[in-house]
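A.B. asks:
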Amino acid sequence: MPTALPTPRFDHFYRHDELTALLFAYAEARPNLVSVRSIGKSYEGRDIWVVVVTNLASGMDIDKPALWVDGNIHAAELTASTTCLYFLHQLLSAHGGTAPESAQINRLLDTRTLYLVPRLNPDGAELALADRPRHIRSSTRPYPYTEEPVDGLTAEDIDGDGRILTMRVPDPHGGYKKHAGDPRLMVPREPGEFGGEYYRLIPEGFIKNHDGLTVKVNPDREGLDLNRNFPGEWRQEYQQLGAGPYPTSEPEVRAMVDFIVQHPNIGAAVSFHTHSGVILRPCGTRSDKDMTPEDLWLFQTFSALGEKHTGYPAVSIYEDFRYHPKEVITGTQDWVYEHLGALFWVVELWSPNKEAGVETTKWIDWYRQHPVEDDLKLLKWSDEHCGGQAHVDWKPFQHPQLGAVEIGGWDKMNYWRNPPPHLREREAARFPAWLTQIAMSLPQLELIRTEVRALGPDMWRVRMAVGNAGYLPAYVTQRALERKTVRGVMFEIHMPVNDPAISLVNGKERIEGPQLEGHAPKQSQLAFLFNKHPTGDRAVAEWVVRAPVGTRLALSASAERAGVVRTEVVLD
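This note's numbering puts the first residue of the sequence shown at 32, with every later residue one more than the last.
1) For the beta strand (DSSP E) that N499 lies in, which residues bound it at each end?
2) Leaving out the 5 sequence neighbours to the left and right, which residues in its chain are closer than 7 Å to L77 when beta-carbon positions are compared?
3) Alpha carbons only, please: which of E358, T363, C417, G191 is nearest the one belonging to P383?
4) The beta strand (DSSP E) spanning D101 covers which residue range?
5) Drop a sphere of 10 angstroms on the beta-carbon of Y174, count the other beta-carbons inside from all chains shown, and report buried for 16 or more, exposed for fewer.
6) When the Cβ atoms of the segment 433-442 are set against those of the segment 455-472, are three or more pairs found closer than 8 Å?
7) Of the residues H340, Y354, E358, L380, which one's Cα is nearest the Cα of H304?
8) Count the other CB atoms within 10 Å of the CB of K320; is the residue buried (16 or more) or exposed (fewer)?
9) On the DSSP letters alone, give me the boundaries of the beta strand (DSSP E) that Y398 sits inside.
10) My assumption, with CB atoms under 8 Å, is that S334 sits in contact with I310. Please give the rounded CB distance.
11) Would you call V580 buried or exposed, if buried means 16 or more other Cβ atoms sit within 10 Å of its Cβ?
12) Are the beta-carbon atoms of A590 and L478 separated by less than 9 Å?
13) At what residue ranges does the segment 409-496 contain a whole run of the alpha helix (DSSP H), taking only runs of 4 or more?
14) Label L560 either buried or exposed according to how many other C-beta atoms from any shown protein chain fall within 10 Å of its C-beta, with 16 as the threshold for buried.
15) Helix, strand or coil, according to DSSP, for N537 in the structure here?
16) Between the C-alpha atoms of A532 and E573, what's the straight-line distance to the nearest angstrom?
17) Looking at the unbroken alpha helix (DSSP H) that takes in G155, where does it start and where does it end?
18) State the Cα-Cα distance for the pair R246 and G183, rounded to the nearest angstrom.
19) Identify the continuous alpha helix (DSSP H) that holds G337 and give its terminal residues.
20) In terms of residues, what are the limits of the beta strand (DSSP E) holding M521?
21) Check whether the segment 353-369 touches the segment 253-260, counting contact only when three or more Cβ pairs, one atom from each stretch, lie closer than 8 Å.
22) Determine the burial state of R163: buried for a count of at least 16 other Cβ atoms within 10 Å of its Cβ, exposed for fewer.
23) How about G372 and Y506: are their beta carbons less than 9 Å apart?
24) Which of helix, strand or coil does DSSP assign to R150?
25) Would you mind reading off the limits of the alpha helix (DSSP H) that contains P383?
26) What separation, rounded to the nearest whole angstrom, lies between the Cα atoms of H430 and P219?
27) According to DSSP, which residues form a beta bridge with K72?
28) Where DSSP assigns a beta bridge to A300, which residues make up the other side?
29) May I ask which residues mark the beginning and end of the alpha helix (DSSP H) holding Y176?
30) Per DSSP, S589 is paired with what?
31) Roughly how far, in whole angstroms, is the beta-carbon of E187 from the beta-carbon of G236, given that I think they are within contact range, below 8 Å?
32) Using CA coordinates, which residue listed in P96, T51, H306 is at the minimum distance from T110?
33) If you measure between the beta carbons of N499 and R448, is that distance less than 9 Å?
34) Got a sec, what are the start and stop residues for the beta strand (DSSP E) Y230 sits in?
35) Are three or more beta carbon pairs between the segment 513-527 and the segment 539-550 nearer than 8 Å?
36) Would you check if there are 3 or more beta carbon pairs closer than 8 Å linking the segment 133-151 to the segment 97-105?
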């Protein structure tokens, strides 16, 4: 009888030691399905764990097409880790059952591999989960300079309540005022407005060497953004903040890049972030009209499935999710898709706006400017569904440099960057069906048949035919062909060594065959021209061998993203 699965808490963010114990508990409970490996060490020396999920009874992980799923590359985006854990738990809970959903999971783990990395950035997450937290972008390595600031304000929890909020300071030159209908809410002064009670809003924190007049908010001493450190379209700091001194300079990014390069069976990937409640697809640096059309159509097809399964809209990063109209940023997608030609999506989990009834398709623009009615809806949502904690009531605090201030306002870490505890599992539950459909659509190499025909008393023609049973072609995207990152199907005949009675008369020991198409239709049935390659999913290799009757020969075929098949023939 199998060991009971662990019972994780999806309303709880796990510290690194807790997460490690949980992952190894899964491996202990299902050793035939789960193994846990370290892909590298973080800056502070913590293991970065990958959970390898596949049925070992049907083959090794590297011999099957694979989906990569990661989360928590950004320090405080902890729900991304929860979502990876939820997917893992759903897979293992369903496997082995007889219900329709179990049958699909059984086939998934028999024929595919899943590489799950719940936390790419363990150091940043530990800082976000500390008793006195700090919320940085990514790694805890000091960058671009190592020294501590000697002046200015560093955002931190100064009243010991475990939150980093906002300080409001009365000031006739301040840019904010209390909302007339609800004085808890701070709203901007109108253009040309004078004569009211105004406030200056400053991040919660202490100030070093305060001159009594000015406040400079320091950037995080830990200024890296690991999602800007990938090789694809990498640019220096003056063009892209947090990029690091050179591509893959950071151990966390280098670990991921090395692992994916060493596992060419990965044909698709999904990276979980927070927040906005949107699925982002490539490209990050080019418009849709500049993409390879076939790849754009493919992304649109699977993105539409994402919308159907999750309820999240799916949009182009370049077209709809740039931080500034004149700014182009890069990330994991510009390496996984642009360089390797694998499919890739970023998921920005969780939309507090949607929860509060604020509808917008301008995800980035909304944060720059929006009507005060949206804030009032969010405040109402905080009161009615979050116990009044998404917006914290203002409380007096005697600040050592500023004097009497109040601390309160929006709790962006616990209710914006991440959902409140009671909603985290619900958000994570949106994604297993979509992730499963992506994985089940990956190319899959299958043996069609082998043939042996006698050409003489010791001469034989040997044929091996394989096909791609997957929806996607073996190369996955046109980008992979353009970048020459995938070969055609590779056939091999494994000849016994040091036996003069056995020789290869015609053909090579290793043959590179064609690229295999998938069963995805190239066009509708009403298209004017016929499909010129209706069996483009199949390939055949042939050899002529001299060998005695009864000789056994091993044959194999492989396509990096479609898997490996092996068989044996007897010459008789």
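Backbone N, C-alpha and C fix where the C-beta goes; we use that ideal spot for every residue, glycine too.
C.D. replies: So, from the listed chains and residues:
1) Here residue 499 is taken as the residue at index 468 of the sequence shown, counted from 1. That run of the beta strand (DSSP E) goes 490-499.
2) Here residue 77 is taken as the residue at index 46 of the sequence shown, counted from 1. The sequence shown places Arg at residue 77, not Leu. Here the set comprises H47, P153, D154.
3) Numbered from 1 along the sequence shown, position 352 holds the residue referred to as residue 383. Ranking E358, T363, C417, G191 by Cα distance to P383 puts C417 first.
4) Residue mapping note: residue 101 aligns to position 70 of the sequence shown, counting from 1. 97-102 is the extent of the beta strand (DSSP E) around D101.
5) Taking the sequence shown and counting its residues from 1, the one referred to as residue 174 is at position 143. Flag for Y174 reads buried.
6) Touching, no, given that fewer than three Cβ pairs across the two stretches are closer than 8 Å.
7) Start at 1 with the first residue of the sequence shown, and residue 304 comes out as number 273. Nearest option by C-alpha distance: L380.
8) Along the sequence shown, read from residue 1 onward, the residue named residue 320 stands at position 289. It is exposed - the Cβ of K320 has fewer than 16 other Cβ atoms within 10 Å.
9) In the sequence shown, residue 398 corresponds to position 367, counting from 1. Unbroken run through Y398 is the alpha helix (DSSP H), 396-399; no beta strand (DSSP E).
10) Position 303 of the sequence shown, counted from the start, is the residue given in the question as residue 334. Position 279 of the sequence shown, counted from the start, is the residue given in the question as residue 310. Indeed they touch by this definition, with Cβ atoms about 6 Å apart.
11) Taking the first residue of the sequence shown as position 1, residue 580 is located at position 549. When all chains shown are included, V580 counts as exposed.
12) The sequence position of residue 590 within the sequence shown is 559, counting from 1. The sequence position of residue 478 within the sequence shown is 447, counting from 1. Contact: no.
13) If only complete runs of 4 or more residues are kept, the segment 409-496 shows the alpha helix (DSSP H) at 452-459, 463-471, in order along the chain.
14) Taking the first residue of the sequence shown as 1, we reach residue 560 at position 529. By the neighbour-count rule (16 or more Cβ atoms within 10 Å), L560 is not buried but exposed.
15) For the purposes of this step, residue 537 is taken as residue 506 along the sequence shown, with counting starting at 1. Three-state result, N537: strand.
16) In the sequence shown, the residue the question calls residue 532 occupies position 501. In the sequence shown, the residue the question calls residue 573 occupies position 542. Rounded to whole angstroms, A532 to E573 spans 20 Å at the Cα level.
17) Looking up residue 155 in the sequence shown gives position 124. That run of the alpha helix (DSSP H) goes 153-159.
18) Reading the sequence shown from its first residue, position 215 is the one you call residue 246. Reading the sequence shown from its first residue, position 152 is the one you call residue 183. Here residue 246 is Val; the residue named in the question, Arg, does not match the sequence. Distance between the alpha carbons of V246 and G183: 6 Å.
19) Residue numbering aside, residue 337 sits at position 306 when the sequence shown is read from its first letter. Unbroken alpha helix (DSSP H) run through G337: 324-341.
20) For this step, residue 521 is matched to residue 490 along the sequence shown. Element bounds for M521: 521-525.
21) Touching, yes.
22) Position 132 of the sequence shown, counting from 1, holds the residue named residue 163. R163 should be labelled exposed.
23) In the sequence shown, the residue the question calls residue 372 occupies position 341. In the sequence shown, the residue the question calls residue 506 occupies position 475. Yes, the pair counts as a contact, with Cβ atoms nearer than the cut-off.
24) Residue mapping note: residue 150 aligns to position 119 of the sequence shown, counting from 1. The answer is coil: DSSP assigns R150 none of H, G, I, E or B.
25) In the sequence shown, the residue the question calls residue 383 occupies position 352. Unbroken alpha helix (DSSP H) run through P383: 383-386.
26) To locate residue 430, count along the sequence shown from 1; it is residue 399. To locate residue 219, count along the sequence shown from 1; it is residue 188. Distance between the alpha carbons of H430 and P219 is about 24 Å.
27) Along the sequence shown, one-based indexing puts residue 72 at 41. K72 is bridged to D78.
28) Position 269 of the sequence shown, counted from the start, is the residue given in the question as residue 300. Answer is W99, F375, bridged to A300.
29) Numbered from 1 along the sequence shown, position 145 holds the residue referred to as residue 176. Y176 -> no alpha helix (DSSP H), and no H or E assigned at all.
30) For the purposes of this step, residue 589 is taken as the residue at position 558 of the sequence shown. Paired residues: M521, V595.
31) Numbered from 1 along the sequence shown, position 156 holds the residue referred to as residue 187. Numbered from 1 along the sequence shown, position 205 holds the residue referred to as residue 236. Right, the Cβ-Cβ distance comes to about 5 Å (below 8 Å), so this counts as a contact.
32) Translated into positions along the sequence shown, residue 110 becomes position 79. It is H306.
33) The residue given as residue 499 occupies position 468 in the sequence shown. The residue given as residue 448 occupies position 417 in the sequence shown. No, Cβ-Cβ distance for N499 and R448 is not below 9 Å.
34) Numbered from 1 along the sequence shown, position 199 holds the residue referred to as residue 230. Segment 230-234, the beta strand (DSSP E) holding Y230.
35) With a cut-off of 8 Å, the segment 539-550 and the segment 513-527 count as touching, because enough Cβ pairs lie within range.
36) yes
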